[in-house]
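Structure first, then comments.
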Amino acid sequence: MNNKKLLSAYVAIIIAMSVWACSFLFTQEALKSFNPITVVTIRMSLATLILGLVGLITKKINKLNVSDIPLFLLAGFSQPFCYFICEAYGLTMVSATIASVILSTIPLFSPLFAWLLVKEKVHWNNIVGIIISLIGVLMLVVKNDEMKVSALGICLLFISVLTAIIYSVCLKKIPSHYSNISIVFYIHAISLVFFIPTFLLFDIKYFGEKEILFSSVMSIVILAVVASVISYLFFCYVVRIIGVTKANAFCNIMPAITALAVWIFFGESISFMKWIGIFIVILGLFICQYHVKINNK
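For the sequence shown, our numbering assigns the number 1332 to the initial residue and increments by one for each residue that follows.
Pasting the structure below:
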């Protein structure tokens, strides 16, 4: 593979994961004025509109083949719809610590699904690196006083894990003639088929109950543009280059980036143990991405 292309993929995935790791700052601000389903529905609607306009201007939206509709439908239903809904409600039932640990198992299960569904090669270093990285995540997030457990909450979060992996596999299986803008646009547009009815059923009656702050509105706009357009385009690009296993391995860097973001923006101290955890996460990622070929003599 071209080294320049590979480098661009790694830069893109680091940017995407960094944005998603810091998006909680803007989500918290948006939730001051809107309920979770409302935030996500508005965010995805704006993102779809932006992608549609960019696609029309650049003429990079390919025609959707009828035979590919089921694949796009599955991707749109899996993520963002199921992932965001299950994550949002799961977080109301378990602590953020438990949620972080469960969501960090995405890279752990990705190799199995990638091997079964898209015949992606999985090497020993992928598995070892992911496990090492997961140990670092545990060092970052686990606190004895935050271990609140709810069976339903855990089930919902594991559904989020499953849907995130299904989404990645769908990206890999989508025919290569589709541009990245086409893929993300169609998936986001299809997700609205599920988001809008959910919003009308559960959230519309609460719309306007809270004071609508300018900062909340701007936070949703930022989430739409940066997290749901740019980062999704980057992730789509990366999965098609380095594969499901290696791309999802970078999910483990998110708790580390979140810890750094809280330290930078809120002045929350990072303990020595957390710095060790961050180092272990990064070490695990290097091991996961680096493959040594051994020639038999």
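Each residue gets a CB set at the ideal place from its N, CA and C atoms; glycine is no exception.
Residue span of the alpha helix (DSSP H) that contains residue 1371, given as start and end:
In the sequence shown, counting from the first residue as 1, residue 1371 sits at position 40. Secondary structure note for residue 1371: its alpha helix (DSSP H) is the uninterrupted segment 1367 to 1389.
So the alpha helix (DSSP H) residue 1360 belongs to, where does it begin and stop?
Numbered from its first residue, the sequence shown carries residue 1360 at position 29. Following the DSSP letters along the chain, one finds residue 1360 inside the alpha helix (DSSP H) bounded by residues 1334 to 1361.
Please name the residue, chosen from 1337, 1379 and 1402, that lies closest to residue 1392 on a Cα-to-Cα basis.
Residue numbering aside, residue 1392 sits at position 61 when the sequence shown is read from its first letter. Nearest C-alpha to residue 1392: 1379.
Where does residue 1401 sit, in a helix, a strand or coil, going by DSSP?
One-based indexing of the sequence shown puts residue 1401 at position 70. In the structure shown, residue 1401 sits in a helix (DSSP, three-state: H, G or I).
Unbroken alpha helix (DSSP H) run spanning residue 1565, endpoints:
One-based indexing of the sequence shown puts residue 1565 at position 234. DSSP places residue 1565 in the uninterrupted alpha helix (DSSP H) bounded by 1562 to 1573.
By DSSP, does residue 1539 sit in helix, in strand, or in coil?
Start at 1 with the first residue of the sequence shown, and residue 1539 comes out as number 208. Coil, per DSSP.
Hey, how far is the Cα of residue 1469 from the Cα of residue 1488?
Working through the sequence shown from its first residue, we reach residue 1469 at position 138. Working through the sequence shown from its first residue, we reach residue 1488 at position 157. Rounded to the nearest whole angstrom, the C-alpha separation of residue 1469 and residue 1488 is 16 Å.
My guess is that residue 1554 and residue 1354 are in contact by the Cβ rule of under 8 Å, so how many angstroms apart are they, rounded?
Looking up residue 1554 in the sequence shown gives position 223. Looking up residue 1354 in the sequence shown gives position 23. With a Cβ gap of about 6 Å, residue 1554 and residue 1354 count as contacting.
Own chain residues within Cβ distance below 6 Å of residue 1490, not counting five before or after
Taking the sequence shown and counting its residues from 1, the one referred to as residue 1490 is at position 159. Cβ neighbours of residue 1490 within its own chain (closer than 6 Å, five residues either side excluded): 1417.
Taking 8 Å as the threshold, find out whether the region 1449 to 1465 comes into contact with the region 1390 to 1407 through three or more Cβ pairs.
No, the region 1449 to 1465 does not touch the region 1390 to 1407.
Using 8 Å as the threshold, is the region 1552 to 1567 in touch with the region 1360 to 1376, meaning 3 or more CB pairs across them?
Result yes; three or more Cβ-Cβ pairs closer than 8 Å.
Please list, in chain order, all residues of the same chain as residue 1626 whose beta carbon is under 8 Å from its beta carbon, the five residues on each side excluded.
Position 295 of the sequence shown holds residue 1626. Below a pLDDT of 50, predicted positions are generally treated as unreliable, and residue 1626, at 43, falls in that range; the measurement from the model is reported next regardless. Non-local beta-carbon contacts of residue 1626 in its own chain, meaning distances under 8 Å to residues more than five positions away in sequence, are absent.
Determine whether the beta carbon atoms of residue 1568 and residue 1361 lie at a separation below 8 Å.
Within the sequence shown, residue 1568 is the residue found at index 237, counting from 1. Within the sequence shown, residue 1361 is the residue found at index 30, counting from 1. Cβ distance not < 8 Å, so residue 1568 and residue 1361 don't count as in contact.
Quick one: Cα of residue 1471 to Cα of residue 1571, how far?
Along the sequence shown, one-based indexing puts residue 1471 at 140. Along the sequence shown, one-based indexing puts residue 1571 at 240. Computed Cα separation, rounded: 30 Å.
Would you say residue 1602 and residue 1497 are within 8 Å of each other, going by their C-beta atoms?
Taking the first residue of the sequence shown as 1, we reach residue 1602 at position 271. Taking the first residue of the sequence shown as 1, we reach residue 1497 at position 166. Result no, Cβ atoms of residue 1602 and residue 1497 do not sit closer than 8 Å.
Helix, strand or coil at residue 1506 [DSSP, three-state]
Stepping through the sequence shown from its first residue, residue 1506 is reached at position 175. Assigned with DSSP and collapsed to three states, residue 1506 falls in coil, not helix or strand.
In angstroms with no decimal places, state the Cα-to-Cα distance between residue 1336 and residue 1577.
As a working mapping, residue 1336 is identified with position 5 in the sequence shown. As a working mapping, residue 1577 is identified with position 246 in the sequence shown. Taking the straight line from one Cα to the other gives about 15 Å.
Top-ranked residue by Cα proximity to residue 1437, from 1499, 1508 and 1512
In the sequence shown, the residue the question calls residue 1437 occupies position 106. Residue 1499 is the option with its Cα nearest to residue 1437.
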